[in-house]
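A short write-up of the structure that comes next.
There are 4 protein chains.
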Amino acid sequence: LSATDSRTLLDGLFTGEKMRALFSDRARLQAMLDFEAALARAQARHGIVPAAAAKTIAAHCQTEFFDFEALSREARPAGNLAIPMVKALTALVARQDRTAADFVHWGSTSQDVIDTGLVLQLRAALRMLESELERLSDSLAAAAKRHGDTLLAGRTLLQQAVPITFALKVAGWLDAVERDRARLNEQQARVSVLQFGGAAGTLAAFGSHGLEVAQTLAEELGLALPALPWHAHRDRVAEAASAVALLTGTLGKIARDVSLLMQSEVGEAFEPTVPGRGGSSAMPHKRNPVGCAVILANAARVPPLVATLLAGLPQEHERGLGGWHAEWETLPQICLLAGGALDHTIEIVDGLQVDAERMRQNLEAANGLVLTEAVAMALAAKLGKPAAQELVEQACHRAARERRPLREVLAEDKVAKQHLPAPELDRLFDPRRYTGAARALVERVLAQRGRKK
Amino acid sequence: LSATDSRTLLDGLFTGEKMRALFSDRARLQAMLDFEAALARAQARHGIVPAAAAKTIAAHCQTEFFDFEALSREARPAGNLAIPMVKALTALVARQDRTAADFVHWGSTSQDVIDTGLVLQLRAALRMLESELERLSDSLAAAAKRHGDTLLAGRTLLQQAVPITFALKVAGWLDAVERDRARLNEQQARVSVLQFGGAAGTLAAFGSHGLEVAQTLAEELGLALPALPWHAHRDRVAEAASAVALLTGTLGKIARDVSLLMQSEVGEAFEPTVPGRGGSSAMPHKRNPVGCAVILANAARVPPLVATLLAGLPQEHERGLGGWHAEWETLPQICLLAGGALDHTIEIVDGLQVDAERMRQNLEAANGLVLTEAVAMALAAKLGKPAAQELVEQACHRAARERRPLREVLAEDKVAKQHLPAPELDRLFDPRRYTGAARALVERVLAQRGRKK
Amino acid sequence: LSATDSRTLLDGLFTGEKMRALFSDRARLQAMLDFEAALARAQARHGIVPAAAAKTIAAHCQTEFFDFEALSREARPAGNLAIPMVKALTALVARQDRTAADFVHWGSTSQDVIDTGLVLQLRAALRMLESELERLSDSLAAAAKRHGDTLLAGRTLLQQAVPITFALKVAGWLDAVERDRARLNEQQARVSVLQFGGAAGTLAAFGSHGLEVAQTLAEELGLALPALPWHAHRDRVAEAASAVALLTGTLGKIARDVSLLMQSEVGEAFEPTVPGRGGSSAMPHKRNPVGCAVILANAARVPPLVATLLAGLPQEHERGLGGWHAEWETLPQICLLAGGALDHTIEIVDGLQVDAERMRQNLEAANGLVLTEAVAMALAAKLGKPAAQELVEQACHRAARERRPLREVLAEDKVAKQHLPAPELDRLFDPRRYTGAARALVERVLAQRGRKK
Amino acid sequence: LSATDSRTLLDGLFTGEKMRALFSDRARLQAMLDFEAALARAQARHGIVPAAAAKTIAAHCQTEFFDFEALSREARPAGNLAIPMVKALTALVARQDRTAADFVHWGSTSQDVIDTGLVLQLRAALRMLESELERLSDSLAAAAKRHGDTLLAGRTLLQQAVPITFALKVAGWLDAVERDRARLNEQQARVSVLQFGGAAGTLAAFGSHGLEVAQTLAEELGLALPALPWHAHRDRVAEAASAVALLTGTLGKIARDVSLLMQSEVGEAFEPTVPGRGGSSAMPHKRNPVGCAVILANAARVPPLVATLLAGLPQEHERGLGGWHAEWETLPQICLLAGGALDHTIEIVDGLQVDAERMRQNLEAANGLVLTEAVAMALAAKLGKPAAQELVEQACHRAARERRPLREVLAEDKVAKQHLPAPELDRLFDPRRYTGAARALVERVLAQRGRKK
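Protein chains in written order, with this note's numbering: chain A, 6 to 458; chain B, 6 to 458; chain C, 6 to 458; chain D, 6 to 458.
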């Protein structure tokens, strides 16, 4: 296609190479041709098409024989890509065997080949995502094991709350990634179904043999045969897209956390340093979260695309007008953006730089406020909850006002020091002693993952 | 709440009664109180809370003791409903037993109660939808059985294509409904998990006993205990919402078909006639597809709401800022709209009026054009595909131009009549003979459904 | 870029050639280079950059000097396209003049060039859409003039209601198109503003001369100088996108109507017949609304993309993380889809085939029911509204039940015939006499349009 | 309505009181009744309805006469609220004057009253938002004036970049708010148009007098008369909703900034302290950005709702099926969420607590890195850009590695100290001297605002 038309300068940034290959023009066309080849073979097995014709047809189902520019041009008046593709394939076959040409696409309809082609691409995309997710999962599991003692502030509504471990944060990511992996695996099975119904879903061109041909065709392509053709029932496709969107959301969650940790004023974790990465020409000190920016952008772009698919479900009669067409670029785009986000996430997690020292400093910078819950619980056991809360609240305000450690303020308080002598206070203000079930929770996640493997 | 504030005049139209009960203010508050009661009981079982205190707390966890208007007012500065609810519950308990009051909400955080409350509501909603879907499925199965011989035009891109049976159309709806039912069933299990993590997900207030309490609490509520608290990982909720959106899309598909069939110029099927339904004061002849309008509206409104949830996944650290809050009304709204659509669909399918005679007329009105595929296939077997298509195409144009039946035109055509003598033409132009695998496909759907029951 | 990566096979179908040229990779890069050239010239005018250096820089601001593949590759680690572009431009300039190279991009930031480049592309896109809309408007005005006497059924909720003229329907489309045209014109002015703020919006690199340089730069590019740089305030861009979405919605409305009119059972208007257009290989009689399918698909795809931009508005501090990045492909896609929809609409409206005879037949096929309002109003004047409505309603039911004309039924009714003698009935059942203000309304639209021209 | 059905517990949190009043059930019904009263009066002025009848009708157009529960119940089979409302109004009038009852809603259609009612509500909502925005604008202008010398770090991609003033940040908010205000003002004019077309937009019930009645009716309601009825052309409504969404986005931007500034590790600005606001029962030290959370939630919820309206534009023929119905709750919800966000923003901006000292500390904590651009520009003038950048980059890395001030590192560097003697370095490292055009830019915004007032 002419250079004028291309829009791929940003592909390197937002999408990943493997997914681009799965959703290239070439891959789209090849998936459609795989259907045509399989159809011919299946029909040959049922004696509907002569074996020689099937062979000739299948031999021409290779993208290198096709003129992409012509296909693109002719798709406009035709209204889809299948019509010019079938025409071109027929012409190719006819050059070698006129009779065989009669059997190209026999008994099928445009939607059969377009949808099945899409299913083949989608299956490959889901598999690829699943396998890449396994890599990410391994990397996260390693990080979770490494950081069981790395303390940092747990933050709720962007405020320091109580201490957690970095392992717990990572385990949260990992647990979500594992759910996404399971979902993608499930979706592969659900969406890997043949589309084959002929003109309006009755397979009428095959008389009473439609179902047998369909069964054989499904086997040829390694797809399941659904109860019915699903020309105007698109829930499987929309469901698979939702699963991909859930994954993208998980990746966005990881990127959100990393980018917040990477803030100048926080500085607890960083995207890997790679020459040329995240720099700023004007400000050489900057270390921009460029990978996170892309992941968050993609996580923002995917959900509305899923809404497009969901909103397109109420399609007309036996073939939708517009709702179906809206899928053709939307579904690939969802996969491409998810794939791009995943590539960046893997790169970030693999090379994540954790500054445990800074995590500790930030925890301490709060002057112990992050341990008020611990103190309040300890006092409540002695004074009752209302009195304890009142006391701690006053002490917190005083500590904040005077910018002094809360421990110091409490050590001076008559009531507090009566119930919490110095050693007790030391214990309470040791964040390592206030991580509750963090370790056990991380182990649960790792164990669960181990069982799945 | 004051009348000024209410916005429920349209609730009767867009939502259903059962779902409204599940997502009423009362139900929201009760679900949260159920958490508090179960928490107290669970802690009592572990000796953290005195048994008497737990009993007193649980006894006050009833919505009738609460001032809804005050809760609503206080939720604004507090930032959520849990804070004023816990305060009010504590005050209620304190009136009877000051010590017990100290144990209200012990070791928990606002998000624990809000999320678990939501999960309890959502589980009930999914169950309700599943059970109503079973009703719909029964009704559709009966219709599919009834209409195995009811012929009508299959329509693709809003054009008559080839004949189908009404049973096949209904089987398509039924098959989709069955997939939705299976999805809702699955989602119930996936989303029915406890939320319990305390301040930042470590359950630190319970020292090393957090997980035991969590396990007992989950049992009290009949929920599963997830590997980790999921304060900032919302994929389960978004996934359940996606499943509900897929269902709404299926209902939209049914409504799309019914409303198109109900057009003045088509007139093949109708929403049930009920006094006061679908009338127009100015135009007494009109029979408006009022149920379809609502279903289609709801099917258009739900997908963007799901996008809100998906886009909210990248939440901040241990508790999100805004993304979490955006769920509180969005998720109920998704369920309410789905429930409303389902109520209307059940009503329509239960009372659907099918005009088989008009279906036949419309099929015939096409002057046989709807059987061109049949003729083309028959001729192709004799003349080869290109010659056959050329011949049929010319005949079609002539039939259209002269507004004569295609059969007549072909009967006059020299080549055609040579290959297709009159009895053969009669056979080809009998739509009953060109429904291919329709019957077998319908049976597949019914059999599959039978196996599931 | 390698063939593997391209995804343009469907571009011919969904987008239009002119818009593709405006949003090609080449155009994107050139718009950015136009900024760099103008920046150098502006700075030369203020003595910041030597005149010779500015000239050398500007001379290299041509896309043919750049390696697109390298730019795409390097954009990934850099996080945007500006960094490798500036690097490449600097190297190009350095080869000729090392000193000049120092002044490339001087005092600017990546976002200045990316945003201003986008503004330049967007301005061109809005202009193009506006000018194409003028063509569409002319075509619609001609159709409205031509069809002032073409009667058809007005349809509400897909039911025949009362007669209208085809001119009135077209005038509705035209009036909306004129509103869209006015909006695009306005948006051109609003969005055509310079982005120029340097590192964080203070233009600090220019000391106290920043605003002067900005003013000159704006003039060089024919853009307005906004009160402030708008790095993290994206409402102008989102507003322009909304205007484009409103246009796409209008085109979708036209396509909706045309596709419904084109149904086999309605057959009142058709997309133009062009060889190879809308055919079906298996069903030569079919005349698919292929243009409408694309327009409706695009009108479904654009709104969620606008939601992406709107949801991205709450950006972080002085430059957003993700929200900004999400615009880079989304905004072009919105324009491309709108442009594609507009191309198809122009083609359809220019060649629209109207079957006035079929319109009349469909109106009559309702057996006069479409004139019940007329009859009810006439009787109400004599019997009072309740009695009149009751009478007409009964007559309608009887007409429908017995499939007889309503006029006949009324002529037999004792009460009706007393108040509505035959000539009166004839008048009431003449649809030409029941088009109310249709003519005047059409004239209003045409007159309003005339005033604007 | 029964308590079971209400869902308003969270209204206090997410929406504002004034907007709730404008979109209450009562307000919805009253706006519809205002239409009916005005219609009767307009028709009386044209002699179509007896003056006494019009008076009687108008006298009953008060919500207190209506049974809301009955209306809600009957809206379901009717498919809209207008039908039971007209029926109830007719019955009310009939009790007093049987003849007058015949003239209720005369010549009108459900959509006329529903749409015009909505327009009246929307106009009030836009006015209210505009007037509240003026308050916000005043408050922001005051803050911008106050903080012209308050330095803080400008942050791009969440990294400190170069110094800015807090006034500049506030001016960015203010400038956006002013654009939103102008947009709302414009939209009031655009959307304040009568809907009046009768059964299918021809006003046929009025014979040739339709337009005159329409003109008078528009005057009665203070609305403009559009060229045509717009039953199935909804762009005006969607455009107004887009403007409201843009405003919500601006508010989200303010909330984003405030919540980031309020982070424990940043601590530069805070939501106002109000008793009971933003507290946490378990963690008395916490100061949650509760207002920001709501604003961000609402800014996330509104865009998909706008997508619903935009996607609904392609409506069917003379009255849409579903697309129209989807507006009824969606448009109010957009306004309610925007109003809620605005209320919170006003509260936050009015009471915003700015910690200028902490801003300065954070700027200094970067050890001068935030001034690298200044240094690099100064050195570039002497060494050329590449050498200068190389030198500064190395110094930055060393400063970061050794956690020493950049100024110190540069003072030791042989080349640097040769070109930048100590006083020059002092000047360069004074952030007050590196705010470029900040002051001038703020003045531009304030001056522009002054001109508008």
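Idealized CB from N, CA, C, for every residue including glycine.
A quick note: this is a predicted structure, and the numbers were derived from the prediction, not measured.
Flag this pair as yes or no: are the beta carbons of residue 378 of chain C and residue 210 of chain D separated by less than 9 Å?
-> Yes; because the gap between Cβ atoms is below 9 Å, this pair is in contact.
Candidates D:127, D:231, D:212: which alpha carbon is nearest residue 190 of chain D's?
-> The candidate whose alpha carbon is nearest that of residue 190 of chain D is D:127.
Mind checking if residue 297 of chain D is an interface residue toward chain B, Cβ cutoff 9 Å exclusive?
-> It does; some Cβ of chain B falls within 9 Å.
For residue 275 of chain D, does the three-state DSSP call read helix, strand or coil?
-> Residue 275 of chain D carries a strand assignment under DSSP once its states are collapsed to helix, strand and coil.
Straight-line gap, residue 438 of chain B to residue 312 of chain B (C-alpha atoms, nearest Å) = When rounded, the distance between both Cα atoms is 46 Å.
Nearest neighbour of residue 446 of chain A, chosen from B:53, B:108, B:234, B:106 [CA to CA] | Selected option, being the one with the closest Cα: B:234.
How would you call residue 181 of chain C, buried or exposed, if buried means at least 16 neighbouring beta carbons within 10 angstroms?
-> Counting Cβ neighbours within 10 Å, residue 181 of chain C comes out buried, since at least 16 surround it.
Of the choices A:73, A:53, A:130, whose alpha-carbon is the least far from that of residue 336 of chain A?
-> The shortest C-alpha to C-alpha distance from residue 336 of chain A to any of A:73, A:53, A:130 is the one to A:130.
Candidates A:40, A:430, A:12, A:41, of which the one nearest residue 29 of chain A by Cα = In this structure, A:12 is the residue among A:40, A:430, A:12, A:41 with its C-alpha nearest to the C-alpha of residue 29 of chain A.
Please name the residues in the region 207 to 230 of chain A whose beta-carbon is closer than 7 Å to at least one beta-carbon of chain C, in chain order.
-> So nothing in the stretch comes that close.
Can you name the residues that DSSP bridges to residue 169 of chain C?
-> Residue 169 of chain C has C:157 as its beta-bridge partners, per DSSP.
Terminal residues of the continuous alpha helix (DSSP H) containing residue 297 of chain A?
-> Element bounds for residue 297 of chain A: 295 to 316.
Helix, strand or coil: how does DSSP classify residue 54 of chain A here?
-> Under the three-state reduction of DSSP output, residue 54 of chain A falls in the coil class, being neither helix nor strand.
Helix, strand or coil: which one does DSSP assign to residue 454 of chain B?
-> Secondary structure at residue 454 of chain B: helix, using DSSP grouped into helix, strand and coil.
What three-state label does DSSP hand residue 359 of chain C in the structure shown?
-> Correct three-state label for residue 359 of chain C: strand.
Spatial distance of residue 166 of chain D from residue 334 of chain D (CA atoms) = Their backbone Cα atoms lie some 44 Å apart in a straight line.
Below 9 Å between beta carbons: does that hold for residue 299 of chain A and residue 47 of chain A?
-> Not in contact: residue 299 of chain A and residue 47 of chain A (Cβ atoms no closer than 9 Å).
Is there contact between the region 77 to 88 of chain B and the region 110 to 128 of chain B, where contact requires at least three CB pairs shorter than 8 Å?
-> With the rule of 3 Cβ pairs closer than 8 Å, the region 77 to 88 of chain B counts as touching the region 110 to 128 of chain B.
Collapsed DSSP secondary structure at residue 25 of chain B in the structure displayed | In the structure shown, residue 25 of chain B sits in a helix (DSSP, three-state: H, G or I).
Using a Cβ-Cβ distance under 9 Å, would residue 375 of chain D count as near chain A?
-> True, the Cβ-Cβ gap to chain A drops below 9 Å.
So is residue 293 of chain C in contact with chain A if we call contact Cβ pairs under 9 Å?
-> Flagged as an interface residue toward chain A: residue 293 of chain C, by a C-beta distance shorter than 9 Å.
For residue 427 of chain B, collect the residues of the same chain with a Cβ closer than 8 Å to its Cβ; drop the 5 residues on either side in sequence, then sort them by chain order.
-> Around residue 427 of chain B: 416.
Which class does residue 198 of chain A belong to by DSSP, given the choice of helix, strand or coil?
-> DSSP places residue 198 of chain A within a strand segment (E or B) once states are collapsed to three.
When the cut-off is 9 Å and only beta carbons count, does residue 247 of chain B lie next to chain D?
-> Residue-level contact by beta carbon fails for residue 247 of chain B and chain D, as no gap is shorter than 9 Å.
Of all the residues that make up the region 322 to 341 of chain C, which are near chain A by a beta-carbon distance shorter than 9 Å?
-> Per Cβ criterion, the list reads 325, 326, 327, 328, 329, 330, 331, 332, 333, 334, 335, 337, 338, 341.
Hey, does residue 25 of chain B have any beta-carbon neighbour from chain D nearer than 9 Å?
-> Closer than 9 Å to some Cβ of chain D, the Cβ of residue 25 of chain B qualifies, so yes.
Checking contacts by CB at 9 Å: is residue 40 of chain C closer than that to chain D?
-> It does not: the Cβ of residue 40 of chain C has no partner Cβ on chain D nearer than 9 Å.
Say whether chain B places a C-beta atom closer than 9 Å to the C-beta of residue 410 of chain C.
-> Not one chain B Cβ lies under 9 Å of residue 410 of chain C.
Where DSSP assigns a beta bridge to residue 324 of chain B, which residues make up the other side?
-> Assignment of beta-bridge partners to residue 324 of chain B by DSSP yields A:161.
So, does the CB of residue 237 of chain A fall closer than 9 Å to a CB anywhere in chain E?
-> Among the chains of the structure shown, chain E does not appear; the protein chains present are A, B, C and D.
Quick one: list the residues of chain C neighbouring residue 366 of chain D, beta-carbon separation under 9 Å, in chain order.
-> In chain order: nothing, as chain C lies at least about 17 Å away.
Quick one: residues in its chain with C-beta nearer than 8 Å to the C-beta of residue 72 of chain B, no 5 flanking neighbours on either side, listed in chain order?
-> Hits under 8 Å: 93.
Selected residue, minimal CA-CA separation from residue 406 of chain D, among D:374, D:383, D:395 = The shortest C-alpha separation from residue 406 of chain D is found at D:374.
Identify whether residue 229 of chain D lies in helix, strand or coil by the three-state DSSP scheme.
-> Looking at residue 229 of chain D - three-state DSSP - the assignment turns out to be strand.
Exposed unless 16 or more other CB atoms sit within 10 angstroms - verdict on residue 9 of chain A | In this predicted model, residue 9 of chain A has a pLDDT of only 44, less than 50, meaning its place in the structure is not dependable enough to derive any value.
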